[in-house]
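Take a look at the structure set out below.
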Amino acid sequence: MSKKEGALLQFSPMQSLVDEGFWHRFSSLKLNKLGIDDSPLPIIGFYAPCSHSQVSNHLTLLAESLPSESSDASLVPEPSSGNRNKCSIPGILYNTNTVEAFHALDKMKLLKEEAAKIWNDIVTGKAVEDCSVLSRFLLISFADLKKWSFHYWFAFPALMLDPPAALVNLRPASQWLRAAEAESLSTACNEWRKSKSTADVPFFLVTIDPQSRATVRLLKEWEACQSDSHKVLFGFYDPCHFPNTPGWPLRNFLALISAKWNLKSVQFFCYRENRGFADMGLSLVGEALITVPEGWKNTMPNAVGWELNKGRKVPRCISLAQSMDPTRLAVSAADLNLKLMRWRALPSLNLNALSSVKCLLLGAGTLGCQVARMLMAWGVRKITLVDNGKVAMSNPLRQSLYTLDDCLNGGSFKATAAVESLKRIFPAVEAEGVVMAIPMPGHPVNNQEQENVLDDCRRLSDLIDAHDSVFLLTDTRESRWLPTLLCANTNKITITAALGFDSFLVMRHGAGPFSHAHGSDAETAIPSSADVHKIKDAKENHRLGCYFCNDVVAPTDSTSNRTLDQQCTVTRPGLAPIASALAVELLVSILHHPQGIFAEGDISNNVIGTSEQPLGILPHQIRGSLAQFSQMTLVGYSSPSCTACCDTVLLEYRNKGMEFILQAINHPTYLEDLTGLTELMKSATAFSLDWDKDDDDVDNDDDCVEI
Amino acid sequence: MNQKESERNLIPWDGALSSSDFFCAASAFSEKWKRFNPSVPPWLWVPSPKHHLLSSHKEEGYLSLEGMCFIKSSEDQKSCRSQTWKEESSISQEEEAVDNAALVQSCFDEVNHYDFHIVYSPSYRVPVLYFRSYHSDGQPLPFDEIEKDLPNHSAKIHLESKWTFITQEEHPYLNRPWYKLHPCGTSEWMKLLFHGDASLNKNGFVIEHYLVSWFSVIGQVFGLKIPLAMLETVSC
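Protein chains in written order, with UniProt numbering: chain A, 1 to 707; chain B, 1 to 236.
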């Protein structure tokens, strides 16, 4: 389709494309080499003739547009040469250090400076020698290296003809040329594009002799082209794909032609390709009329060229946080790991359950540190650690979240230091530390401390309410009592790990006495005493035991009056990691078991693969011995006299609340009396005196209580 | 038949190939591709020497196919990426000269650009397809947007398949996150393709056709088809 004579010649603006590699390299340069230096930086852009009928070629910036990062390299990028897909175009980058400075840049002044360089190259003749300077460009930017977002704006300076050029006609080259000419020109162009010395030269001359032979030449051969019988076309690599509009590079080309060679009528050739080969149907030939007055070239023309952003004269912004922010990269790597596991080995892996479960760790010592790490490895993100101690010098060796720095100046609080350590390992973890002591029975409190202790009790109760799963990882028996009671009361998944010198116990507590087994883990209403008996009979036999169910004495002060070696909990170092790992695996298994906390306790046998669950069996207790390098699974049921989880105790707690707790703390025999353990022991002692009684009498003896 | 080849014929093939074999396979593949698929951009070899102490051969690199354009139809376009910019940074009318010569564009086509790299994985000993997509301004596409570009049957295959698993990992040479088709299953289905026939190992037949066969499966995820002619067992 040809245009009418005298119409204004319009050009399709150049479009930019910044590969993310450019921003990666620039960020690196800024951080390692440039620092706050904001002097302009020479860069190289690349474009090529359009090779797609529907998509324009863009002026592209790649990583190699910037100078190399190595310390001895100069701050000038290496231009590529001879690459037919990348004509190197010189450009300049002004990057500011703040977004305010970015907005405050004098854009017109910068544009004028770059346009002046182009004009200067035209006037001095440099543009004829090295024509890529005709497409010189400008880039302003602000790289926000905290948010990994990049604000930027391109300008492609175009010298304005005044008055503007007029378009006489424009049509596909195949229509303007004769068939033989078109073929010859195609061949010549393909040759030009294949040769390393000319492949990336974006402006050229075309002469066609009367025998239809076309020749492609460099601009500097202009003198040699002067011949009446030859047709002369001014050719250029046209990045634009529009069938009715030539591309932006033609603007400065026309300025050159007018200023240097004083032509009024210019036949131009927009060279475009299809899949890498010259295409005369897509390429255009047109005629422009230049009507600038005499002396136009004596003064520098005006220039335009700021790139529009979807039609508006505003800058662009790109966010690369997803691929550059180290925290996000860590999160997606961690997720990938778990997803791979699910894909290849465990299709029923419930990643959502793991990432949403809220875990409370009571104790941030050898067990607590290891459990926290293992939980994170399974994708658990919400972890709260409770500990009132400070990191001591001997701790870092066995407590894997601490280093020497945490021990200095009296030592940081463990709960705080642990959380910081977890965040250093995996920034996306939602970890909290609570510095708090756990109230313990057998450690009486005087009146002044009473309120504080009750506060701690309430705080502990709130913490347990706010989490889904509780790990009891403290270093005394009695400190586990109150948490066990509170967990039994609210039916939370509770896992205990306890260490001896060379043996360990890892167990999950059974469900609380007032819970139903049908998926509901909400507390039921307080049953009447008649109902209690019914539930007791029905449930007591099936409810798995807690840490205290097997004890016949109430927890009491185990820390005073001990010898030194008894006070320091000494264990073989390998025990804590083993026990911690098992505790976490036990939790994961519970989370994947359809009955959850109500699941029966399995016992391992030597036949592999008999379990129905994909993760294997779900034991109740695991007891291991390093002396034997052995481990066994056990099941224990709840005791009706348990000082921590039996319904008598829980009812008392529900009725009397903190008053009950305080009594248990201050009076060690209170729990034993309450649960009937006192009675039990009396009868046991009584029983041992009657050795001579007949066996029959044993069965009839009312004093004997079934355990 | 030299000794190495005769040895090869005895060992049942495991579906994998060595690094130097990959280079041969890559050359054969890109050459055939250019010959039979001229309407599509060619696969180019990008040499990338890594400074390994163990690396003994020079031909390290990967195959690259860049600049595949996927043009979104106008119904699919949603300018969810529109920026709301305050006018702090705009240029007022008086400043820049009035320029009637610049064509004002009213319709903005959304084009998704795709780059594909075929990179050898030394730990799995198979080729791996890495890919990424970005808009015309360079903004990378997240995977859920890429999925919309995949042919319909491919999205279904992806969800159900035990052979294909798309992950995002660091590109081994470019050190930026790219998407890739995880290579765990590759050697197994490559073995199936060649029917585990060790006799096909004669004269390096497997190596020459490895990438062609491999791509005939992998390419389907993206709707990239191999012309039938390429699959013909023409001895070169």
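Glycine residues also receive a C-beta, built at the ideal position from the N, C-alpha and C atoms.
Within the continuous alpha helix (DSSP H) that includes residue i, where are the two ends?
i	result
residue 760 of chain A	Residue 760 of chain A cannot be examined here, being either before or after the span of chain A that is shown, 1 to 707.
A:N395	N395 to R398
A:C369	T366 to A377
A:R275	Here A:R275 belongs to no alpha helix (DSSP H), and DSSP marks it neither H nor E.
B:F36	S19 to F36
A:C457	N447 to A466
Quick check: the Cα distance between residue i and residue j, rounded to an integer number of angstroms?
i	j	result
A:A525	A:S515	Reliability fails at A:A525, whose pLDDT of 45 lies under 50, so the model's placement of it is uncertain and the value that follows must be treated cautiously. Their Cα atoms are separated by approximately 10 Å.
A:K339	B:L211	28 Å
A:Y637	A:M436	32 Å
A:P210	A:D228	10 Å
A:S469	A:L375	12 Å
A:S323	A:I89	28 Å
A:A576	A:T476	15 Å
A:S174	A:G281	5 Å
A:Q595	A:L367	27 Å
A:S355	A:A334	11 Å
A:E114	A:L138	7 Å
A:D673	A:P513	20 Å
A:Q399	A:C549	29 Å
A:L284	B:N100	21 Å
A:C225	A:L263	14 Å
B:L129	B:H195	23 Å
B:L193	B:I166	21 Å
A:W192	A:T198	6 Å
Among the residues of its own chain, which have a CB less than 6 Å from the CB of residue i, if the five just before and after it don't count?
i	result
A:V434	V386 and A415
B:V111	C69, I71 and S136
A:L591	A353
A:N85	A48
A:D325	W148
Could you tell me whether any Cβ in chain C is nearer than 7 Å to the Cβ of residue i?
i	result
A:W343	No chain C appears in the structure shown, which is made up of the protein chains A and B.
Can you give me the Cβ contacts of residue i inside the same chain, cut-off strictly under 7 Å, excluding the 5 residues immediately before and after it?
i	result
A:F11	T245, P246, G247, W248, L250 and R251
A:L254	L161, A165, V266, A288 and I290
A:R316	Y152, W153 and N309
A:A7	A166 and L167
A:L219	V128, C131, F203, F204 and L205
A:G21	L62 and A63
A:N452	none
Going along the chain, which residues of its own chain have a beta-carbon closer than 8 Å to the beta-carbon of residue i, five neighbours each way excluded?
i	result
A:L346	P614 and L615
B:P227	F36 and N37
A:M632	S604, I622, R623 and G624
Between which two residues does the beta strand (DSSP E) harbouring residue i extend?
i	result
A:C87	C87 to T96
A:V285	L284 to L289
B:Q168	I166 to E170
B:M68	G61 to I71
B:F131	V126 to Y134
B:W178	P177 to L181
A:N309	That residue, A:N309, is in no beta strand (DSSP E); it is neither H nor E in DSSP.
A:Y47	L41 to Y47
A:C359	K358 to L362
B:P47	L44 to P47
A:S469	S469 to L472
A:V386	K382 to V386
The stretch 159 to 169 of chain A contacting the stretch 177 to 184 of chain A, beta-carbon criterion three pairs below 8 Å: Verdict: no, contact absent.
The stretch 58 to 67 of chain B touching the stretch 133 to 145 of chain B, judged by at least three CB pairs closer than 8 Å: Cβ pair count under 8 Å is below three, so no.
Given 8 Å, three or more beta-carbon pairs between the stretch 406 to 413 of chain A and the stretch 388 to 395 of chain A: Counting Cβ pairs under 8 Å, three or more are found: they touch.
contact_flag[the stretch 74 to 83 of chain A, the stretch 95 to 104 of chain A] where n(CB pairs < 8 Å) is 3 or more: As far as the Cβ criterion goes, the stretch 74 to 83 of chain A does not touch the stretch 95 to 104 of chain A, which means the pair count is below three.
Segments assigned beta strand (DSSP E), at least 3 residues, entirely inside the stretch 222 to 249 of chain A: The DSSP assignment places 231 to 237 as complete runs of the beta strand (DSSP E) inside the stretch 222 to 249 of chain A, in order along the chain (cut-off: 3 residues).
Runs of beta strand (DSSP E) lying entirely within the stretch 603 to 666 of chain A, each at least 3 residues, in chain order: Here the runs fully enclosed are 621 to 625 and 630 to 634.
Runs of alpha helix (DSSP H) wholly within the stretch 116 to 152 of chain A (minimum 4 residues, chain order): Taking only runs of at least 4 residues, the alpha helix (DSSP H) segments lying wholly in the stretch 116 to 152 of chain A are 126 to 129.
Three-pair Cβ contact test at 8 Å for the stretch 492 to 499 of chain A versus the stretch 443 to 463 of chain A: The count of Cβ pairs closer than 8 Å, one atom from the stretch 492 to 499 of chain A and one from the stretch 443 to 463 of chain A, stays below three, leaving the stretches out of contact.
Length-filtered (3 minimum) beta strand (DSSP E) runs lying within the stretch 150 to 227 of chain A: Taken in chain order, the unbroken stretches of beta strand (DSSP E) that lie wholly in the stretch 150 to 227 of chain A and span 3 residues or more are 166 to 172, 203 to 208 and 214 to 217.
Cβ contact (3+ pairs, closer than 8 Å) linking the stretch 292 to 304 of chain A and the stretch 111 to 119 of chain A: Touching, per the Cβ criterion.
4 or more residues per run - each alpha helix (DSSP H) lying fully within the stretch 477 to 506 of chain A: Counting only runs of 4 or more, we get 481 to 490.
At least three beta-carbon pairs within less than 8 Å, the stretch 55 to 64 of chain A to the stretch 12 to 20 of chain A: Taking one beta carbon from each stretch, the stretch 55 to 64 of chain A and the stretch 12 to 20 of chain A have 3 or more pairs nearer than 8 Å; the two touch.
Stretch-stretch touch, CB-based, cutoff 8 Å, three pairs: the stretch 616 to 630 of chain A with the stretch 596 to 604 of chain A: The answer is yes - the stretch 596 to 604 of chain A touches the stretch 616 to 630 of chain A, with three or more Cβ pairs under 8 Å.
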